[in-house]
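Going down the list, the sequences are from chains A and B.
Residue numbers in the first sequence follow our numbering, run continuously in steps of one, and reach 612 at the last position.
Residue numbers in the second sequence follow our numbering, run continuously in steps of one, and reach 260 at the last position.
All C-beta atoms, glycine included, are put in the ideal place defined by N, C-alpha and C.
Right, one structure below, let's go through it.
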Amino acid sequence: MSDLVELDRGDKWEVQLRKGCLELAILAALWDGRRYGLEILRIVESDSKLIISEGTIYPLLTRLKALGLVESEWVESDSGHPRKYYSLTAAGRQRALEMAGIWERFSSSIARMLGPLKEVRP
Amino acid sequence: MTAASKAQQRIDDYLNELQRRLRGLGKEQTREIIAELRSHILERAGEGELSVDRVSTVLKSLGPPEELAHEYTQDEILARAEISRTPLRLLNSLFGWATMSVAGFLVLLVTVIGYFLGVVFVVVAASKPFHPATAGLWSLRDRPGDLELSLRMGFGSVPANGHELLGWWIVPLGLVIGCGLGILTTKFALWCVRMYQRTRLRPRT
């Protein structure tokens, strides 16, 4: 139902855009080393407005793992409950670089196209 | 019941509901998912004694268990179907999809029928050399005007009121049609999976 409402409001596009970028954002968050789900969530949350629902990130991590882009390990923590840490595989690094390249080309060409709109927008 | 055990109960209820809806995934994987989310909830709910309020807020921002389960199973099952290279694996993942949606069920049905027919053609072609007189495509006429086509593996006697249509042509034709059906069916199933993924909206607010 909510899908239809969003469709009417026309911001379905924005939601899809965010979703599409989340994968790249997760891979980027793991670039400097292993992190667990909540940590990734906090990074992505603080740096962007990509997270629509907190639950989204976990199925996505599972999928990235199934695709062989990340790997995971359980690590005991001081807080008493073990955490599942994720890190990039070689394929994940490769993919992150590819996606970043695509993103940069794409966003700069869109930015050029949007030039004329700047004059009208407040 | 103390506040902390009430909060704990809330978490267990949420995770039990999620687990129940994760059917279709493997046991080990379900266990991992539940453990990971439990860890998330406990850490998100903060240090010290659990409070019902905090736990409720955390669970709310995770989203309803059914939606979360949907994300896990759709992604998993469809992703597995997409990388399946053998009909058995493909059928296995389609079966998981079929338990969750009507679209999945229909695709499974058509795929099973397609593979079944394909196998029948190949088997009949392969039986021809062993039962040259009886294996093949037969037309059976029990009553005048009544026509029935029958693919026979050649066990049993020559059917009464029937005559064979293709002769030895059943061997190459059966192999080509059988393998063709197998390939077409696989293509169809994978195409459905991709179309479904493309049209599936996954927005959240």
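Chain A contact residues for residue i, given Cβ-Cβ distances below 7 Å
{"i": "Y69/B", "result": "The premise fails here: Y69/B is roughly 11 Å from chain A at the closest Cβ pair, so nothing lies under 7 Å."}
{"i": "R99/B", "result": "L528"}
{"i": "Y127/B", "result": "P549 and T552"}
{"i": "E91/B", "result": "G527, Y548 and K574"}
Outcome for residue i when other beta-carbon atoms lying within 10 angstroms are tallied against a minimum of 16
{"i": "A581/A", "result": "exposed"}
{"i": "R198/B", "result": "exposed"}
{"i": "K574/A", "result": "buried"}
{"i": "Q64/B", "result": "exposed"}
{"i": "P549/A", "result": "buried"}
{"i": "H95/B", "result": "buried"}
{"i": "L204/B", "result": "exposed"}
{"i": "P50/B", "result": "As displayed, chain B neither begins before 56 nor continues past 260, which places residue 50/B out of reach and without an answer."}
{"i": "T241/B", "result": "buried"}
{"i": "E102/B", "result": "exposed"}
{"i": "T166/B", "result": "buried"}
{"i": "V179/B", "result": "buried"}
{"i": "G591/A", "result": "exposed"}
{"i": "A124/B", "result": "buried"}
{"i": "V213/B", "result": "exposed"}
{"i": "R144/B", "result": "exposed"}
Endpoints, beta strand (DSSP E) assigned at residue i
{"i": "E561/A", "result": "V560 to V565"}
{"i": "L192/B", "result": "G191 to L195"}
{"i": "L303/B", "result": "In this structure chain B extends from 56 to 260, so residue 303/B is not present and cannot be described."}
Proximity winner among the options, relative to residue i (alpha-carbon distances)
{"i": "H218/B", "options": "R196/B, L239/B, A59/B and F171/B", "result": "R196/B"}
{"i": "T189/B", "options": "L206/B, L202/B and A124/B", "result": "L206/B"}
{"i": "L114/B", "options": "I168/B, Y69/B, S94/B and Y251/B", "result": "Y69/B"}
{"i": "R249/B", "options": "G118/B, I138/B and V165/B", "result": "I138/B"}
{"i": "I88/B", "options": "L604/A, L551/A, E609/A and A590/A", "result": "L551/A"}
{"i": "L578/A", "options": "D522/A, E588/A and M589/A", "result": "D522/A"}
{"i": "L554/A", "options": "L202/B, L105/B and R135/B", "result": "R135/B"}
{"i": "R585/A", "options": "E504/A, S599/A, A515/A and D501/A", "result": "A515/A"}
{"i": "L146/B", "options": "I168/B, H125/B, E83/B and V157/B", "result": "I168/B"}
{"i": "E535/A", "options": "V231/B, G101/B and S116/B", "result": "S116/B"}
{"i": "A519/A", "options": "A601/A, Y576/A and I600/A", "result": "Y576/A"}
{"i": "R109/B", "options": "W246/B, I66/B and L92/B", "result": "I66/B"}
{"i": "W246/B", "options": "E91/B, G159/B and L202/B", "result": "G159/B"}
{"i": "E98/B", "options": "L507/A, V505/A, G570/A and L557/A", "result": "G570/A"}
{"i": "E588/A", "options": "E544/A, E513/A, L507/A and G605/A", "result": "E513/A"}
{"i": "W223/B", "options": "L239/B, P184/B and L202/B", "result": "P184/B"}
{"i": "F243/B", "options": "A100/B, E126/B and L149/B", "result": "L149/B"}
{"i": "V162/B", "options": "E122/B, Y251/B and A215/B", "result": "Y251/B"}
Contacts that residue i makes with chain A (C-beta to C-beta distance below 9 Å)
{"i": "H186/B", "result": "Neighbours of H186/B on chain A: none; closest Cβ ~47 Å, over 9 Å."}
Cross-chain neighbours of residue i in chain B, by beta carbon under 7 Å
{"i": "G572/A", "result": "In the sequence as presented, Gly is not what sits at residue 572/A; that position holds Pro. By Cβ distance, chain B contributes S94."}
{"i": "S569/A", "result": "E98"}
Residues of its chain near residue i, where Cβ-Cβ distance is below 7 Å and the 5 sequence neighbours each way are ignored
{"i": "L221/B", "result": "G191, L192 and L228"}
{"i": "G79/B", "result": "T128, I132, G151, T154 and M155"}
{"i": "Q74/B", "result": "T85 and I89"}
{"i": "S106/B", "result": "A58 and A62"}
{"i": "P572/A", "result": "W564, V565 and E566"}
{"i": "G81/B", "result": "none"}
Below-7 Å beta-carbon distance, residue i vs any chain D residue
{"i": "S577/A", "result": "The structure shown contains no chain D; the protein chains it does contain are A and B."}
Bounding residues of the alpha helix (DSSP H) (the contiguous stretch that carries residue i)
{"i": "R585/A", "result": "A580 to M603"}
{"i": "H218/B", "result": "Element bounds for H218/B: not the alpha helix (DSSP H) but the beta strand (DSSP E), G217 to E219."}
{"i": "S182/B", "result": "V157 to S182"}
{"i": "L514/A", "result": "K502 to A519"}
{"i": "W152/B", "result": "P142 to A153"}
{"i": "P187/B", "result": "First-last for P187/B: undefined, no H or E at that position."}
{"i": "L92/B", "result": "K82 to R99"}
{"i": "S106/B", "result": "Unbroken run through S106/B: none, as it is neither H nor E."}
{"i": "E72/B", "result": "A58 to R76"}
{"i": "L557/A", "result": "Here L557/A belongs to no alpha helix (DSSP H), and DSSP marks it neither H nor E."}
Chain A contact residues for residue i, given Cβ-Cβ distances below 8 Å
{"i": "G159/B", "result": "Under the 8 Å cutoff, chain A gives no residues; its nearest Cβ is about 18 Å from G159/B."}
{"i": "G118/B", "result": "S543, E544, G545 and T546"}
{"i": "L123/B", "result": "G545, Y548 and P549"}
Close Cβ partners of residue i (< 8 Å) along its chain, the five nearest in sequence each way excluded
{"i": "L497/A", "result": "Per-residue confidence for L497/A stands at a pLDDT of 47, beneath the threshold of 50, marking its modelled position as unreliable; the derived number appears in the next sentence. Answer for L497/A: no residue qualifies."}
{"i": "L236/B", "result": "G169, Y170, L172, G173 and F176"}
{"i": "R93/B", "result": "I66 and L70"}
{"i": "N216/B", "result": "L195, R196 and D197"}
Contacting residues, own chain, Cβ-Cβ under 6 Å from residue i (five flanking each side not counted)
{"i": "G209/B", "result": "S182, H186, T189 and A190"}
{"i": "G233/B", "result": "G173, F176 and V177"}
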